[in-house]
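Here is the structure we will look at, set down as structure tokens.
There are 2 protein chains.
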Amino acid sequence: NIIRVIEESESQVQPLKGKKVLITAGPTKESVDAVRYFTNHSSGKMGYALAEEAKKLGADVTLVSGPVHLKAIAGINTIKVSTAQEMYQAVLENFDTQDIVIKSAAVADYKPKYQMDQKMKKKEGPLTLELERTQDILKTIGLKKTHQYVVGFAAETDNILHYGREKLSKKNLDAIVVNDIGNKEIGFQSDQNEVYVLTQKGEEFSISTRSKQEISKKLFDIFINDMMGESE
Amino acid sequence: NIIRVIEESESQVQPLKGKKVLITAGPTKESVDAVRYFTNHSSGKMGYALAEEAKKLGADVTLVSGPVHLKAIAGINTIKVSTAQEMYQAVLENFDTQDIVIKSAAVADYKPKYQMDQKMKKKEGPLTLELERTQDILKTIGLKKTHQYVVGFAAETDNILHYGREKLSKKNLDAIVVNDIGNKEIGFQSDQNEVYVLTQKGEEFSISTRSKQEISKKLFDIFINDMMGESE
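So the sequence lines, in the order shown, correspond to chains C and S.
Take 1 as the starting number for the first sequence in the numbering used here and just add one per residue.
Take 233 as the starting number for the second sequence in the numbering used here and just add one per residue.
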């Protein structure tokens with residue numbers, strides 16, 4: 001009996017002991033002027049749940065977090081950022097030493113081309129705002145990766161698996177987690193989620209609706225199995 | 233001694249007993265697509281502090297609140313809205329019966345002309361976003377008002393009193409509260425504020441840095457005195 005208990009706790013715990021895991025979470029804010037900004041509906045809950053799970057599994061966790069209303073997690077190195085550019089820098093500065101990088105943040109793809117320090121005065125009639133692309137973090141680390149296992153997220157409203165597969169391949173990821181954000185019951189802001197996972201090796205998993213904590217457990221099962229398979 | 237205590241509590245309490253006060257608070261969110269939106273840095277703290285103070289003063293309070301991360305206040309009729317258009321409707325539907333209307337919300341002046349239900353696919357290179365003006369709540373109620381005492385807020389980064397006076401007159405307000413948002417120590421997101429108050433009668437007040445609760449007390453002192461003066 002005692003042997004069985006020990007075996008169980010051994011097998012349960014700490015498969016990521018000695019591993020470094022970097023997770024990004026939340027939205028970014030892109031300023032138009034001193035008052036106005038662009039952002040998105042990400043709450044950061046999925047990323048924070050993943051960070052907490054990685055810590056439970058024994059990893060040395062770095063969490064790069066956009067502006068969210070969530071409590072910091074004790075024992076996790078949290079780097080708070082605001083813009084896509086700041087998130088890019090925080091990820092790149094910490095990338096080389098990581099074993100697993102999970103990019104669950106909803107980083108702005110576009111930012112205003114001109115940003116005013118003052119408050120823009122409103123005028124009568126319409127206004128045209130010029131936007132430019134932000135630096136693509138996932139593409140950059142997909143090109144740069146050596147030993148790192150890199151996971152991306154895709155939030156899609158239609159043809160979700162099609163776009164997921166395309167992103168997995170284009171960004172040179174090891175795995176991608178696809179969210180159906182057309183379904184209002186789950187995803188952004190919600191405590192629950194339902195996702196698909198596609199791996200570079202061609203495996204596909206479906207994880208039905210459950211808490212973001214439970215989703216995180218399943219995701220790490222998949223990633224760890226997939227990584228172990230790599231070394232065989 | 234007993235008489236003195238009674239006098240004090242009489243003078244402290246309930247000058248707004250039987251009065252209806254509507255307060256708007258927080259930012260609005262204007263969607264670009266299923267994921268992205270435009271908003272601003274308003275936390276709603278000033279408006280919620282005003283609503284709480286109005287309740288203490290005996291008023292029947294309606295709070296029209298944009299998306300904020302603040303607890304609802306017990307005993308206050310709170311109407312939650314998301315967009316500028318929803319805030320416009322909630323204010324207009326409740327306007328006629330009010331005695332005091334304080335528009336502390338930071339309502340978006342512009343919204344995307346086209347809003348997509350699906351998630352817009354990103355492309356290489358820049359993007360132009362067409363924005364159009366939202367309906368001007370303050371201007372509408374300034375024109376519509378009969379007996380109501382209407383207070384606006386102005387968040388400015390430069391020439392703050394100049395723009396404040398201009399807005400007071402253009403929007404036909406009874407008073408305007410001017411915030412210097414160029415000063416990072418105060419205002420948006422902060423628990424403290426420092427404001428100027430300009431009245432239609434030409435009075436100017438400066439309230440130095442203190443908590444938003446304390447600012448609210450001072451503001452109601454000014455508004456109530458100003459309203460009483462009107463009936464002389």
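From the three backbone atoms N, C-alpha and C, an ideal C-beta is built for every residue, glycine too.
Review point. Going along the chain, which residues of its own chain have a beta-carbon closer than 6 Å to the beta-carbon of S:L383, five neighbours each way excluded?
Key: For the purposes of this step, residue 383 of chain S is taken as residue 151 along the second sequence, with counting starting at 1. The sequence as given places Val at residue 383 of chain S; Leu does not occur at that position. These residues qualify, in order along the chain: I334 and A407.
Point to revise | Residues of the stretch 29 to 63 of chain C whose Cβ lies closer than 7 Å to any Cβ of chain S, in chain order | key: A34, V35, R36, Y37, F38, T39, N40 and H41
Review point. Would you call the CB atoms of C:S216 and C:L50 closer than 8 Å?
Key: Sequence index remark: in the first sequence, residue 216 of chain C carries index 216 (1-based). Sequence index remark: in the first sequence, residue 50 of chain C carries index 50 (1-based). Cβ atoms of C:S216 and C:L50: closer than 8 Å.
Practice item. Go ahead and pull the three-state DSSP assignment for C:E8. Key: Taking the first residue of the first sequence as 1, we reach residue 8 of chain C at position 8. Only weak support is given to the placement of C:E8: the predicted model assigns it a pLDDT of 48, under 50, and the value that follows is read from those uncertain coordinates. Looking at C:E8 - three-state DSSP - the assignment turns out to be helix.
Check your understanding: Any Cβ of chain C within less than 8 Å of the Cβ of S:E435?
Key -> One-based indexing of the second sequence puts residue 435 of chain S at position 203. It does not; no Cβ of chain C falls within 8 Å.
Check your understanding: For C:K218, does the three-state DSSP call read helix, strand or coil?
Key -> Working through the first sequence from its first residue, we reach residue 218 of chain C at position 218. Reduced to three states, the DSSP call for C:K218 is helix.
Practice item. With DSSP as the reference, label S:Y346 as helix, strand or coil. Key: Counting from one through the second sequence, the residue named residue 346 of chain S turns up at place 114. Here S:Y346 sits in coil by DSSP.
Exercise for review: Give the range of the beta strand (DSSP E) segment to which S:K335 is assigned.
Suggested key: Taking the second sequence and counting its residues from 1, one reaches residue 335 of chain S at position 103. It spans I332 to K335 - the beta strand (DSSP E) in which S:K335 sits, taken as one unbroken run.
Check your understanding: For C:A54, which of helix, strand or coil comes out of DSSP?
Key -> The residue given as residue 54 of chain C occupies position 54 in the first sequence. Helix at C:A54.
Exercise for review: Find the residues of chain S that neighbour C:I207, judging by a C-beta separation of less than 8 Å, and give them in chain order.
Suggested key: Working through the first sequence from its first residue, we reach residue 207 of chain C at position 207. Within chain S, no residue comes near C:I207; the closest Cβ sits about 21 Å away, beyond 8 Å.
Review point. If you measure from the beta carbon of C:G125 to each beta carbon in chain S, is any gap under 8 Å?
Key: Locating residue 125 of chain C in the first sequence gives position 125, where the first residue counts as 1. Chain S, which has a Cβ nearer than 8 Å to the Cβ of C:G125, makes this yes.
Exercise for review: Determine the chain C residues that contact S:I413 at a beta-carbon separation under 9 Å, and present them in chain order.
Suggested key: Counting from one through the second sequence, the residue named residue 413 of chain S turns up at place 181. Those are A34, V35 and K119, listed as they occur along chain C.
Review point. Listing by chain order, which chain C residues have their CB less than 9 Å from the CB of S:K345?
Key: Counting from 1 along the second sequence, the entry for residue 345 of chain S is found at position 113. Within chain C, the residues near S:K345 are P126.
Review point. Grouping DSSP H, G and I as helix and E and B as strand, with all else coil, what is S:N457?
Key: Taking the first residue of the second sequence as 1, we reach residue 457 of chain S at position 225. Residue state, collapsed to three classes: helix.
Review point. Do S:Y280 and S:I305 have their C-beta atoms closer together than 8 Å?
Key: In the second sequence, counting from the first residue as 1, residue 280 of chain S sits at position 48. In the second sequence, counting from the first residue as 1, residue 305 of chain S sits at position 73. In this structure, S:I305 lies closer than 8 Å to S:Y280 by Cβ.
Review point. For C:I160, does the three-state DSSP call read helix, strand or coil?
Key: Position 160 of the first sequence holds residue 160 of chain C. Of the three classes helix, strand and coil, the one that applies to C:I160 here is helix, per DSSP.
**Study point:** Interfacial residues, the stretch 151 to 185 of chain C to chain S, with Cβ spacing under 9 Å
**Key:** A155, E156, T157, D158, Y163, I181 and G182
Exercise for review: Would you mind working out which of C:V91, C:G44, C:Y163 and C:K170 sits nearest C:Q148, comparing C-alpha positions?
Suggested key: Numbered from its first residue, the first sequence carries residue 148 of chain C at position 148. The candidate whose alpha carbon is nearest that of C:Q148 is C:V91.
Practice item. Return the first residue and the last residue of the alpha helix (DSSP H) that C:A84 is part of. Key: Residue mapping note: residue 84 of chain C aligns to position 84 of the first sequence, counting from 1. Run containing C:A84: A84 to F95, per the alpha helix (DSSP H) assignment.
Exercise for review: Give me the Cβ distance between S:K261 and S:Q330, rounded to the nearest whole Å; I'm assuming they're in contact under 8 Å.
Suggested key: Locating residue 261 of chain S in the second sequence gives position 29, where the first residue counts as 1. Locating residue 330 of chain S in the second sequence gives position 98, where the first residue counts as 1. Not really, about 25 Å apart at Cβ, beyond 8 Å.
Check your understanding: Closer than 8 Å, CB to CB, is C:G69 near chain S or not?
Key -> Your numbering for residue 69 of chain C matches position 69 in the first sequence. The sequence given here places His at residue 69 of chain C; Gly does not occur at that position. Chain S contact via Cβ: present.
Check your understanding: If you measure from the CB of C:S65, is any heavy atom of the ligand ATP nearer than 7 Å?
Key -> Only the bare structure without any ligand can be found here, which leaves the ligand ATP out of the picture.
Exercise for review: Select from S:E364, S:T360, S:E356 and S:G357 the residue whose C-alpha is nearest the C-alpha of C:L127.
Suggested key: Taking the first sequence and counting its residues from 1, one reaches residue 127 of chain C at position 127. C:L127 has its Cα closest to that of S:E364, out of S:E364, S:T360, S:E356 and S:G357.
Review point. For chain S, is any of its Cβ atoms less than 8 Å away from the one on C:K122?
Key: What you label residue 122 of chain C is simply residue 122 of the first sequence in a count that begins at 1. Closer than 8 Å: yes.
Review point. Tell me which same chain residues have a C-beta within less than 7 Å of the C-beta of S:I220, skipping the five on either side of it?
Key: With chain S represented from 233 up to 464, any question about residue 220 of chain S goes unanswered, as that position is not in the structure.
Exercise for review: Closer than 8 Å by C-beta to C:A34: which residues in its own chain qualify, once you throw out the five before and the five after it? Chain order, please.
Suggested key: Numbered from 1 along the first sequence, position 34 holds the residue referred to as residue 34 of chain C. Here the set comprises M116, D117, Q118 and K119.
Practice item. Reducing DSSP to helix, strand and coil, say where S:P247 ends up. Key: Against the second sequence, residue 247 of chain S aligns to sequence position 15. Coil.
Practice item. Please name the residue in C:G142, C:G66 and C:K111 whose C-alpha comes closest to that of C:Q200. Key: As a first step, residue 200 of chain C is located in the first sequence; it is residue number 200 there, counting from the start. Residue C:G142 is the option with its Cα nearest to C:Q200.
Check your understanding: If you scan the stretch 138 to 213 of chain C from start to end, which runs of the alpha helix (DSSP H) of 4 or more residues do you find wholly inside it?
Key -> 160 to 170
Review point. According to DSSP, what are the bridge partners of S:E364?
Key: As a position in the second sequence, residue 364 of chain S is number 132, starting the count at 1. S:K343.
Review point. Measuring CB to CB, does C:L16 end up less than 8 Å from C:G75?
Key: Here residue 16 of chain C refers to the residue found at position 16 when the first sequence is read from its first residue. Here residue 75 of chain C refers to the residue found at position 75 when the first sequence is read from its first residue. No. Outside cutoff.
Check your understanding: Hey, does S:E362 have any beta-carbon neighbour from chain C nearer than 8 Å?
Key -> Position 130 of the second sequence, counted from the first residue, corresponds to residue 362 of chain S. It does: the Cβ of S:E362 has a partner Cβ on chain C nearer than 8 Å.
**Study point:** C:S65: first and last residue of the uninterrupted beta strand (DSSP E) it sits in
**Key:** As a first step, residue 65 of chain C must be located in the first sequence, where it is residue number 65. D60 to S65 is the span of the beta strand (DSSP E), which, as asked, contains C:S65.
Point to revise | Pairwise C-alpha distance: C:G164 and C:D221 | key: Looking up residue 221 of chain C in the first sequence gives position 221. Looking up residue 164 of chain C in the first sequence gives position 164. Straight-line Cα distance between these residues: approximately 20 Å.
Check your understanding: Of the residues C:D96, C:K56, C:G125 and C:S208, which one's Cα is nearest the Cα of C:K144?
Key -> The residue given as residue 144 of chain C occupies position 144 in the first sequence. Selected option, being the one with the closest Cα: C:D96.
Exercise for review: Please classify S:K343: is it buried, with 16 or more other beta-carbons within 10 angstroms of its beta-carbon, or exposed?
Suggested key: By 1-based counting over the second sequence, the position of residue 343 of chain S is 111. Result: buried.
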